[in-house]
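Under our numbering, think of the first position of the sequence shown as 42, with each following residue one higher.
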Amino acid sequence: MIKYFIKEIRIYHWIKNLLLFVPLIFSKSFFVISTDIDIIIAFICFSFAASGIYIFNDILDLESDRQHPQKRNRPIASGKLPKNIAIGGMIILWIISVVMSFLFVNSKFFSIVVIYIIVNIVYSIILKHIVILDIIIVALGYVLRIFAGSYAISVPLSNWILITTMFISLFLAIGKRRYEFLYIPGDNKKHRQVLECYSKELLDQMIAISVTGTLMSYSLYTFLSSPTRKLMWTIPFVIYGLFRYMFLLYNKMGGARPERELFTDKPLMIDIALWTIVSILIIWR
Numbered sequence: 042m043i044k045y046f047i048k049e050i051r052i053y054h055w056i057k058n059l060l061l062f063v064p065l066i067f068s069k070s071f072f073v074i075s076t077d078i079d080i081i082i083a084f085i086c087f088s089f090a091a092s093g094i095y096i097f098n099d100i101l102d103l104e105s106d107r108q109h110p111q112k113r114n115r116p117i118a119s120g121k122l123p124k125n126i127a128i129g130g131m132i133i134l135w136i137i138s139v140v141m142s143f144l145f146v147n148s149k150f151f152s153i154v155v156i157y158i159i160v161n162i163v164y165s166i167i168l169k170h171i172v173i174l175d176i177i178i179v180a181l182g183y184v185l186r187i188f189a190g191s192y193a194i195s196v197p198l199s200n201w202i203l204i205t206t207m208f209i210s211l212f213l214a215i216g217k218r219r220y221e222f223l224y225i226p227g228d229n230k231k232h233r234q235v236l237e238c239y240s241k242e243l244l245d246q247m248i249a250i251s252v253t254g255t256l257m258s259y260s261l262y263t264f265l266s267s268p269t270r271k272l273m274w275t276i277p278f279v280i281y282g283l284f285r286y287m288f289l290l291y292n293k294m295g296g297a298r299p300e301r302e303l304f305t306d307k308p309l310m311i312d313i314a315l316w317t318i319v320s321i322l323i324i325w326r
């Protein structure tokens with residue numbers, strides 16, 4: 042039972058919460074122990090909150106998940122994890138997340154965690170069935186992670202970083218919709234009815250806009266709002282990363298699980314690592 046609960050909370054999805062560390066990278070507090078501890082606690086809190094959302098969504102989508110070629114193997118959909126145990130685990134995860142946020146981080150971070158939970162509950166019930174808005178809300182979740190990281194260590198955020206995060210999050214979310222629209226066999230309306238409102242042409246154009254927005258906003262950040270203009274030397278890493286992910290989308294049937302592809306595709310992993318290292322070296326030099 043424990044094995045299936047651990048599988049249900051999708052620990053591999055916690056990779057998304059590494060976004061909380063982005064404000065730390067662009068601050069000068071990266072090697073301050075107390076700040077590092079704060080962001081690690083914040084990471085744990087946000088991960089527990091997100092895992093509770095995954096359980097909530099799986100309970101809500103139980104019947105449609107059973108029609109999905111991949112999701113039907115999830116612990117709740119397959120019946121391996123009883124619904125009542127899943128609900129109890131979800132509540133415990135949320136309580137731990139909220140209490141730890143309030144006691145061990147700060148009130149602003151606590152507010153973001155609560156907002157994240159509420160937004161995702163509303164998304165699971167209503168918003169994911171509304172075309173375009175379903176993608177925007179997914180992207181908003183990534184932006185909230187950036188806010189959470191900023192509030193956890195009390196570091197102000199650049200508006201350009203927020204805009205960059207929004208665009209790159211849209212890119213990943215649209216890429217996932219594109220995969221679902223094109224490659225999942227059978228009647229894809231059964232597991233995500235909103236897909237019938239999209240077309241390949243629309244999704245491809247939305248991807249192009251998101252990639253352009255990401256590159257433009259990040260470039261403007263390095264020139265206008267970054268700690269030093271030398272961060273412009275990290276732009277090539279961003280260009281390569283965007284183009285590499287597009288290569289995976291269009292040539293390798295990628296996009297199904299962005300959180301895995303970002304950290305399993307070796308060229309992309311190397312690019313992200315180099316961007317991180319170079320950014321830290323430039324800021325701390």
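All C-beta atoms, glycine included, are put in the ideal place defined by N, C-alpha and C.
Cα atoms of L244 and I153: separation of roughly 30 Å, rounded to the nearest angstrom.
Collapsing the DSSP output to three states places L65 in a helix. For the pair D77 and Q234, the Cα-to-Cα distance works out to about 42 Å.
In this structure, the CA atom of I56 is about 30 Å from the CA atom of E242. Look at the beta carbons and you see the region 133-146 touching the region 80-92: at least three pairs across the two are nearer than 8 Å.
Measuring C-alpha to C-alpha distances from I250 to each of I215, Y224, F264 identifies I215 as the nearest.
For the pair D102 and N114, the Cα-to-Cα distance works out to about 13 Å. Check the Cα spacing between I202 and each of L65, E49, F151: the tightest is with L65. The residue from V140, T205, K121 with its alpha-carbon nearest to that of L185 is T205.
In this structure S75 is exposed. Its beta-carbon is surrounded by fewer than 16 other beta-carbon atoms within 10 angstroms.
Secondary structure of M131 (DSSP, three-state): helix. Taking each of H170, I96, E300 in turn and checking the Cα distance to W135, the smallest one comes out for I96.
Looking at the backbone, the Cα of A314 and that of N200 are separated by about 24 Å. Sorting V279, T263, G282, M42 by C-alpha distance to the C-alpha of M273 places T263 at the top.
Exclusion of the five residues before and after F89 leaves L134, I137, S138 as the residues of its chain whose Cβ lies within less than 6 Å of its Cβ. The continuous alpha helix (DSSP H) containing I158 extends over residues 148-166. Membership of G93 in the alpha helix (DSSP H) is indicated by the continuous run 74-101.
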